[in-house]
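Protein chains in written order, with the numbering used here: chain A, 116 to 227; chain B, 103 to 412.
The beta carbon of each residue, even a glycine, is placed where N, CA and C say it ideally should be.
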Amino acid sequence: MSVHGSPTSAELIESVREWIERDVMSSTEGRLRFHSRVAINVLAMVERELAMGEQHDVDHAARLATLDMADDAEFAAAIRNGQLDDRLDEVRAILRVDVDAKLAVANPKYLA
Amino acid sequence: MSQDLANHLSALLDGAEITDLARLSGGASRETWRFQADGVDRIVQRQRAGDDRDMMIEASVLAAAHDAGVLVPALLCADAGTDGTASMVVGAVDGETIARKIQRDDDFADARPRLAAQFGTALAAIHRIDVHAVPGLEQTDQIARYTEVMDELGQPYPMLELVRRWLLEHQPAPSEPCVVHGDFRLGNLIIGPDGLNAVIDWELAHIGDPMEDLGWLCVKAWRFGQAPPVAGLGEYDELFAAYEAAGGRAVDPDVVRWWEVLGTWKWAVMCILQANVHLSGAARSHELAAIGRRVCENEHDLFLALEGRW
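As structure tokens, then:
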């Protein structure tokens, strides 16, 4: 439980997103309307990350640990220098799940 | 600002009367304005000092493309500027550049079935441009170039590293270099009711493999959510057949596919780069920031494109 109490950061962001959807979108057009739409998408993305991000990080770290990798920086470097060349099936399987997790936050509709 | 620009344009265009000056778009280093000079529609692109791309080279590519029979706007004036801000004035071309409208609006219903073939014909003309007609155009190794960009940005992207390895290990045999547009896709093509009216935005032109342009046109991001592989409008065969019929080199679909994978990888790097334009403070924009989170869309597309090809 956060010391900051209620409303939570997720609820605050949701309130701003709803205001843009309800009031801003209906009274804007053209470029400003487009940028309002982008703002809604960004806030919705942050809401999804607040809901799922922590679990994603835990799962991601556990997957990397199966390859003895501490983080993405080490993982990326190992792929580039060939250190994981004899385990590429595992590398691809891990990356597939990572990409799905990232899409679930960034743009879940993309998988549809 | 706009009065200063109007005076500048008038001076560039032999004292023409400048009216209806309106900005169409603007980025960190480049902006586009529409205006009338003595009552005729014109477009000016302005590039601020400090940009590493040379607008004078772009102007010479445009002129060479015109000479090679490519549909391009007429080049009216290119000026390096005394304060480092370059200007290029071209004739305005009627039509639409917004992908969503070209793909869906009734105005383009007759044009749509023709476009994939017209793009093939246009690319064959581009690749006929005399490489010696455009001094200063660089031959860039795309993998090396965008690896350098990734390394400068310094953020780890394991999936992009894996695809980079695939690209290096499956590189097609080198071909006779030619002038490559470098960004041939909806958004940079002016489309009218009958089809392609002009190829614009030559700022990424370089010397390279002609198949780069064909592959880039088929990158999934440039299908804008539609199913057909060529710009979301047509099939590979239509593009390849028209390209070859118009004098383009024989197309090996596997080579085009390699360039499509490279293009998807490169667009992922460009997304990181665009977010960094915001993060670095060069141009603060939530739109640019959000593009940084589109990298995973490209990573997903790369998995699709490499299915069965690893």
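Requested in this report: Give the range of the alpha helix (DSSP H) segment to which His283 (chain B) is assigned.
Outcome: Counting along the chain, His283 (chain B) falls outside any alpha helix (DSSP H), and DSSP gives it neither H nor E.
Report task. Taking all protein chains shown into account, decide if Asn190 (chain B) is buried (16 or more other Cβ within 10 angstroms of its Cβ) or exposed. Result -> For the record, residue 190 (chain B) in the displayed sequence is Met; it is not Asn. With 16 or more other Cβ atoms within 10 Å, it is buried.
Requested in this report: Check distances from the C-beta atoms of the stretch 231-260 of chain B to those of chain A and list, in chain order, the residues that come in under 8 angstroms.
Outcome: Listed by position along the chain: Pro258, Tyr259 and Pro260.
Requested in this report: Spatial neighbours of Gly428 (chain B) within its chain, please: CB distance less than 8 angstroms, with the 5 preceding and 5 following residues excluded, ordered by chain position.
Outcome: What is shown of chain B runs 103 to 412, which leaves residue 428 (chain B) out entirely.
Query raised in the report: Is the Cβ-Cβ distance between Asp181 (chain B) and Leu114 (chain B) less than 7 angstroms?
Result: In this structure, Asp181 (chain B) lies near Leu114 (chain B), with their beta-carbon atoms less than 7 angstroms apart.
Requested in this report: Measure the alpha-carbon distance for Glu133 (chain B) versus Asp212 (chain B) and round it to whole angstroms.
Outcome: C-alpha of Glu133 (chain B) to C-alpha of Asp212 (chain B): approximately 32 angstroms in a straight line.
Query - Min CB distance Ala188 (chain A) to chain B below 7 angstroms - result: It does: the Cβ of Ala188 (chain A) has a partner Cβ on chain B nearer than 7 angstroms.
Requested in this report: Can you give me the Cβ contacts of Cys179 (chain B) inside the same chain, cut-off strictly under 6 angstroms, excluding the 5 residues immediately before and after it?
Outcome: So the list reads Leu114 and Val191, once near-sequence residues are dropped.
Query raised in the report: Can you check whether the CB of Leu164 (chain B) is closer than 7 angstroms to the CB of Trp304 (chain B)?
Result: In contact: Trp304 (chain B) and Leu164 (chain B) (Cβ atoms closer than 7 angstroms).
**Report entry** Which of helix, strand or coil DSSP assigns to Ile145 (chain B)
**Finding:** In the structure shown, the three-state DSSP call for Ile145 (chain B) is strand.
Query raised in the report: What are the partner residues of Ala445 (chain B), as DSSP defines its beta bridges?
Result: Because chain B here runs from 103 to 412, residue 445 (chain B) falls outside it and cannot be looked at.
Requested in this report: Answer with yes or no whether the minimum CB distance from Ala180 (chain A) to chain B is below 7 angstroms.
Outcome: It does not; no Cβ of chain B falls within 7 angstroms.
Query raised in the report: Under 7 angstroms, do Ile231 (chain B) and Ala167 (chain B) count as touching if we go by C-beta distance?
Result: Between Ile231 (chain B) and Ala167 (chain B), the gap from beta carbon to beta carbon is short of 7 angstroms.
Report task. Can you tell me which of the three DSSP states Trp361 (chain B) falls into? Result -> Residue state, collapsed to three classes: helix.
Requested in this report: Decide if Arg247 (chain B) is buried, meaning its Cβ has at least 16 other Cβ atoms within 10 Å, or exposed.
Outcome: Around the beta carbon of Arg247 (chain B), a 10 Å sphere encloses fewer than 16 other beta carbons of the protein chains shown; the residue is thus reported as exposed.
Query raised in the report: Got a sec? Which residues, its chain only, sit under 7 angstroms from His380 (chain B) by beta carbon, not counting five neighbours each side?
Result: So the list reads Arg386, Ser387, Leu390 and Ala391, once near-sequence residues are dropped.
Report task. Kindly provide the ranges of any beta strand (DSSP E) runs that are 3 or more residues long and lie completely inside the stretch 185-232 of chain B, ordered along the chain. Result -> Within the stretch 185-232 of chain B, the runs of beta strand (DSSP E) that reach at least 3 residues and sit entirely inside it are, in chain order, 188-193.
Report task. Could you work out which residues of chain B lie near Met167 (chain A), taking near to mean beta carbons separated by less than 7 angstroms? Result -> In chain order: nothing, as chain B lies at least about 14 angstroms away.
Query raised in the report: Quick one, which of A:Met140, A:Ala216, A:Val161 and A:Ile194 has its alpha-carbon nearest Ile128 (chain A)'s?
Result: Taking each of A:Met140, A:Ala216, A:Val161 and A:Ile194 in turn and checking the Cα distance to Ile128 (chain A), the smallest one comes out for A:Val161.
Query raised in the report: Mind checking if Ala230 (chain A) is an interface residue toward chain B, Cβ cutoff 7 angstroms exclusive?
Result: Any answer about residue 230 (chain A) is impossible in this case: the structure gives chain A only from 116 up to 227.
Query - Assigned secondary structure, Ser117 (chain A) (DSSP; H/G/I helix, E/B strand, else coil) - result: Three-state DSSP puts Ser117 (chain A) in coil, outside helix and strand.
Requested in this report: Could you tell me whether the Cβ of Lys217 (chain A) comes closer than 7 angstroms to any Cβ of chain B?
Outcome: With a threshold of 7 angstroms between beta carbons, Lys217 (chain A) makes contact with chain B.
Report task. Let me know the secondary structure DSSP gives Ile302 (chain B) once reduced to three states. Result -> If DSSP states are grouped into helix, strand and coil, Ile302 (chain B) belongs with coil.
Query - Arg287 (chain B) vs Trp324 (chain B) beta-carbon contact at 7 angstroms - result: Contact flag set, yes.
Query raised in the report: If you measure beta-carbon to beta-carbon, which residues of the stretch 371-396 of chain B are closer than 8 angstroms to chain A?
Result: Listed in sequence order: His388, Glu389, Ala391, Ala392, Arg395 and Arg396.
Report task. Reducing DSSP to helix, strand and coil, say where Asp339 (chain B) ends up. Result -> Note: Asp339 (chain B) maps to helix in three-state DSSP.
Query raised in the report: Can you find a C-beta in chain B that's less than 7 angstroms from the C-beta of Leu210 (chain A)?
Result: It does: the Cβ of Leu210 (chain A) has a partner Cβ on chain B nearer than 7 angstroms.
Query - Own chain partners of Met252 (chain B) with C-beta closer than 6 angstroms, once the 5 adjacent residues on each side are dropped - result: Non-local beta-carbon contacts of Met252 (chain B) in its own chain, meaning distances under 6 angstroms to residues more than five positions away in sequence, involve Val371 in chain order.
Requested in this report: Would you tell me roughly how many angstroms separate the C-alpha atoms of Ile292 (chain B) and Ala191 (chain A), rounded to the nearest one?
Outcome: Cα to Cα, the separation comes out at about 40 angstroms.
Report task. Can you say whether Trp361 (chain B) is buried or exposed, counting buried as having 16 or more other CB atoms within 10 angstroms of its CB? Result -> Burial call: buried.
Query raised in the report: So what does Ser127 (chain B) bridge to, in DSSP terms?
Result: Its beta-bridge partners are B:Thr134.
Query raised in the report: Along the chain, where does the beta strand (DSSP E) that runs through Ile309 (chain B) open and close?
Result: Where Ile309 (chain B) is concerned, the enclosing beta strand (DSSP E) starts and stops at His308 to Gly310.
Query raised in the report: What do you get for Pro260 (chain B), buried or exposed, if any count of 16 or more other CB atoms within 10 angstroms of its CB means buried?
Result: Flag for Pro260 (chain B) reads buried.
Requested in this report: Could you tell me whether the Cβ atoms of Glu263 (chain B) and Ile194 (chain A) are closer together than 7 angstroms?
Outcome: With respect to the 7 angstroms criterion, Glu263 (chain B) and Ile194 (chain A) are classified as neighbours on the basis of their beta carbons.
Requested in this report: Throw me the rounded Cβ distance for the Gly294 (chain B) and Leu217 (chain B) pair, which I believe falls under 8 angstroms.
Outcome: Going by Cβ atoms, the distance from Gly294 (chain B) to Leu217 (chain B) rounds to 11 angstroms, so no, they are not a contact pair.
**Report entry** Cβ neighbours of Glu198 (chain B) in the same chain (closer than 6 angstroms, five flanking residues each side left out)
**Finding:** If we look at Glu198 (chain B) and ignore the five residues flanking it on each side, its Cβ neighbours are Ile204 and Ile293.
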